[in-house]
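Student: If you use our numbering, the sequence shown corresponds to residues -2 to 309, in order.
Heads up, the beta-carbon is just placed ideally off N, CA and C, and yes, glycines get one too.
Computed from a predicted model, the values in this text were never measured in an experiment.
One structure is given below, represented as structure tokens, and several questions about it will come after.
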Amino acid sequence: MNKLYVAGIAFLLSFTGCIEDGKEADSCICTEEYAPVCGTDGKTYSNSCKAGCQNVGIAHEGACEGETTGEQTEKETQDYNMTVVEILDGDTFDLGNEERVRIIGINTPEKGRPFSDDATEALSEMIMGKEVTLVNDSKNDDADSSGRLLRHVYVDETLVNYEMIRVGMAFWYPYSSGTDMDESYQEAQESAANDYVGLWAESQYNITIDYIEYDPEGSEVDGEYLIITNHDNYNISMEGWYLQDEAARTAYKFNYTLEINTSIRIYTGSGEDNETALFWGWYQGIWNNSGDMAILQDEDGLMVDYYRYGYD
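Below is the structure:
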């Protein structure tokens, strides 16, 4: 990530081209406020000009914003140079200027659910009382519907979003629009899952999520369902267990015993529970057609099973 600081801008603007092998290369023409700046190697332009820059007759290795050298197409970096003053939960915090930030690309357990307090504490240890750098996401709005800033968050050189996922305190949450850092966040989640850390700590129970009907004919709320199966050689009380999707808008809390070698369907909508079906009682579809993840946790918040679909 390029961090642009006001103190250096006047100096940077004085450059119009790079020196390559002792010769001045063609400059990178910028249609906005300022041109890119020659790197310390004398060959590569730093990604410091705004959108609209075009490389013309390039004799060097040029890169302007919009032609990224990494995964992220970076919008304006916002460095607030102030401390984080309050942690609300594992993915939301307040700044000293009274702005509220929702960390983009992650989702942590809601209050009252397993690992909620752990996630809040982990975020607090990382950023509470520290200065943070906030980076916009080019694929999403500046703020969510609640007015919270949607940001990738850095403290020193640590990407907080990535770290929260990597240590198992947050799930990667791929928005429908995606984010600039999805590849990195998916990598962090795979690492956490493989290491069985935090939210990925493995439960002793052998119950699997076998199938999700996420795109039924007709009504989603009535037609959606999920199948789970008990593969253990004894009946399992699921009282206090949770089932949710990665958005965690709602969670189904079990009060049910799943018998040995038995499967059961869990429908999204309302109905009367019976021996073959349970009903979530939610008012709309839960499972996204474009991709989602079902998460089944036991009473201690340990991962019993998860089922992911629609993502590479």
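Give every residue of the same chain whose Cβ lies closer than 6 Å to the Cβ of Ala119, excluding the five residues on either side of it in the sequence, and list them in chain order.
Tutor: Excluding sequence neighbours, Ala119 sits near Met166.
Student: Any idea what DSSP makes of Tyr308, helix, strand or coil?
Tutor: Of the three classes helix, strand and coil, the one that applies to Tyr308 here is coil, per DSSP.
Student: For the 8 Å Cβ check, are there 3 or more pairs between the segment 282 to 296 and the segment 240 to 249?
Tutor: A contact exists between the segment 282 to 296 and the segment 240 to 249.
Student: Take the Cβ of His228 as the centre, count every other Cβ of all protein chains shown within 10 Å, and call the residue buried at 16 or more, exposed below.
Tutor: Exposed.
Student: Please check the pair Arg148 and Asn133, which I expect to be a contact at CB under 8 Å, by giving their CB distance rounded to whole angstroms.
Tutor: Yes, they are in contact, since the Cβ atoms of Arg148 and Asn133 sit about 7 Å apart, within 8 Å.
Student: Give every residue of the same chain whose Cβ lies closer than 6 Å to the Cβ of Asp153, excluding the five residues on either side of it in the sequence, and list them in chain order.
Tutor: Around Asp153: no qualifying Cβ.
Student: Within its chain, find whatever has a CB closer than 7 Å to the CB of Gly67; leave out the 5 residues flanking it on each side and keep chain order.
Tutor: Caution is warranted here: a pLDDT of 34 is assigned to Gly67, below 50, making its placement in the model unreliable, and the coordinate value is therefore given only provisionally. Answer for Gly67: no residue qualifies.
Student: If distances are taken between C-alpha atoms only, which option among Gly126, Asn258, Ile124 and Ser173 comes closest to Asn203?
Tutor: Closest option to Asn203, Cα to Cα, is Asn258.
Student: So, Ile225 versus Thr205, is the Cβ gap smaller than 8 Å?
Tutor: In this structure, Thr205 lies closer than 8 Å to Ile225 by Cβ.
Student: Candidates Pro171, Met123 and Arg99: which alpha carbon is nearest Gly307's?
Tutor: If we check each option's Cα against that of Gly307, Pro171 comes out closest.
Student: Tell me whether Met125 sits in a helix, a strand or coil according to DSSP, three-state version.
Tutor: Strand.
Student: Report the rounded CA-to-CA distance for Asn271 versus Tyr264, giving the unit in angstroms.
Tutor: The alpha-carbon atoms of Asn271 and Tyr264 are separated by roughly 12 Å.
Student: Looking at the structure shown, is Tyr170 part of a helix, part of a strand, or coil, going by DSSP?
Tutor: Correct three-state label for Tyr170: coil.
Student: Give me, in chain order, the residues of the same chain whose beta-carbon lies closer than 7 Å to that of Asn230; leave out the 5 immediate sequence neighbours on both sides.
Tutor: So the list reads Ile257, once near-sequence residues are dropped.
Student: Can you give the Cα-Cα distance for Ile233 and Asp295, rounded to whole angstroms?
Tutor: Roughly 11 Å between the two C-alpha positions.
Student: Hey, could you find the ends of the beta strand (DSSP E) Glu210 is sitting in?
Tutor: Looking at the DSSP string, the run of the beta strand (DSSP E) that includes Glu210 is Ile204 to Glu210.
Student: Enumerate in chain order the residues of its own chain whose CB-to-CB distance from Ser267 is below 6 Å, with the five nearest sequence positions on each side excluded.
Tutor: Answer for Ser267: Phe276 and Gly278, listed in chain order.
Student: Could you spell out the range, first to last residue, of the alpha helix (DSSP H) harbouring Ile257?
Tutor: Note, Ile257: premise wrong, no alpha helix (DSSP H); not H, not E.
Student: Let me check one thing: in DSSP terms, what residues is Gln281 bridge-paired to?
Tutor: In the DSSP output, where bridge partners are listed per residue, Gln281 has none listed.
Student: Could you work out which residue in Asp289, Lys250, Thr155 and Leu223 is closest to Ile261 when comparing CA atoms only?
Tutor: If we check each option's Cα against that of Ile261, Leu223 comes out closest.
Student: With distances taken Cα to Cα, identify the nearest neighbour of Tyr211 among Tyr304, Arg246 and Glu160.
Tutor: Considering only alpha carbons, the answer is Tyr304.
Student: When burial is assigned at 16 or more other CB atoms within 10 Å of the CB, is Val129 buried or exposed?
Tutor: With 16 or more Cβ atoms within 10 Å of its Cβ, Val129 is classed as buried.
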